[in-house]
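Heads up: the sequence shown at position 94 corresponds to 217 in our numbering, and the numbers run straight through without jumps. Just so it is clear, CB atoms sit at the ideal spot from N, CA and C, and this is done for glycine as well. The block underneath contains the structure these notes are about, expressed in structure tokens.
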Amino acid sequence: MGPNRSRWSSPPPAGGARTSIAPPAAGAPASGQGSGQGPRAASAPFRAHARKAVRLASMVTHLQAGWQHLAAVENIGLGGARIKVENALAIGDAITLSFTAPTLWDPLVLHARVAWVAPGAGLRAAGVAFEHRATDAVFALYELIVTLGYE
């Protein structure tokens, strides 16, 4: 390897010019919408980070309303999680999600925003997008996800 290339970098494009992603052509599906072609189904949501199916107990704290309740985490990734909660959540609500991790002494507390809420009564599913504020929390989340893969 040359002195200016790191171990993980990809080779530069021909001519040294930077490449960019072209905007979609007219009539092409918008971002997040499947075309029915390729590996992703039309109904599958777009995610930048993969999710791992889990069954974790967590404590959800609604920062504006001030309530705390237990919730089940159904899947988790570096970008967010799907939870089941009794209390009503609205899109955009600020929450914290905290749970014990086998790799940590203290509970892992992650700040998040509600991205979507499924309609219904009783336990409701909701998707949350993490708002990472510290690198140590991201690393702890990564370690948790890796640890869950070896159960």
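Point to revise | Sheet register partners of residue 253 (DSSP bridge) | key: DSSP, once it has assigned bridges, lists 235 as partnering residue 253.
Practice item. Helix, strand or coil for residue 258, going by three-state DSSP, please let me know. Key: helix
Check your understanding: What did DSSP end up calling residue 270 once you bin it into helix, strand or coil?
Key -> helix
Exercise for review: Give me the Cα-Cα distance between residue 214 and residue 183, rounded to the nearest whole angstrom.
Suggested key: For residue 214 and residue 183, the distance between alpha carbons rounds to 15 Å.
Check your understanding: So residue 203 is in the beta strand (DSSP E); what residue range does that whole segment cover?
Key -> 203 to 208
Point to revise | Candidates 224, 231, 178, of which the one nearest residue 270 by Cα | key: 224
Exercise for review: Spell out whether any CB of chain D is found under 9 Å from the CB atom of residue 244.
Suggested key: Judged by its chain identifiers, the structure shown contains no chain D, having just a single protein chain.
**Study point:** Contact belief for residue 280 with residue 260 at Cβ below 8 Å, rounded distance in angstroms
**Key:** There is no way to answer for residue 280, as the model of the chain reaches only from 124 to 274.
Point to revise | Distance, residue 205 Cα to residue 197 Cα | key: 5 Å
Check your understanding: Whole-angstrom Cβ separation of residue 234 and residue 210, contact assumed at under 8 Å?
Key -> In this structure residue 234 does not touch residue 210 by the C-beta definition: roughly 18 Å separates them, more than the 8 Å allowed.
Practice item. Answer with buried or exposed for residue 243, where buried requires no fewer than 16 other C-beta atoms within 10 angstroms of its C-beta. Key: exposed
Point to revise | Helix, strand or coil at residue 212 according to DSSP, with G and I counted as helix | key: coil
Point to revise | Where residue 264 falls, given that 16 or more other Cβ within 10 Å makes a residue buried | key: buried
Practice item. Could you check how far apart the C-beta atoms of residue 237 and residue 218 are, in whole angstroms? I think they sit under 8 Å. Key: 7 Å
Practice item. Return the chain-ordered list of same chain residues with a C-beta closer than 8 Å to the C-beta of residue 177, the five sequence neighbours on each side being excluded. Key: 196, 197, 198, 199, 271
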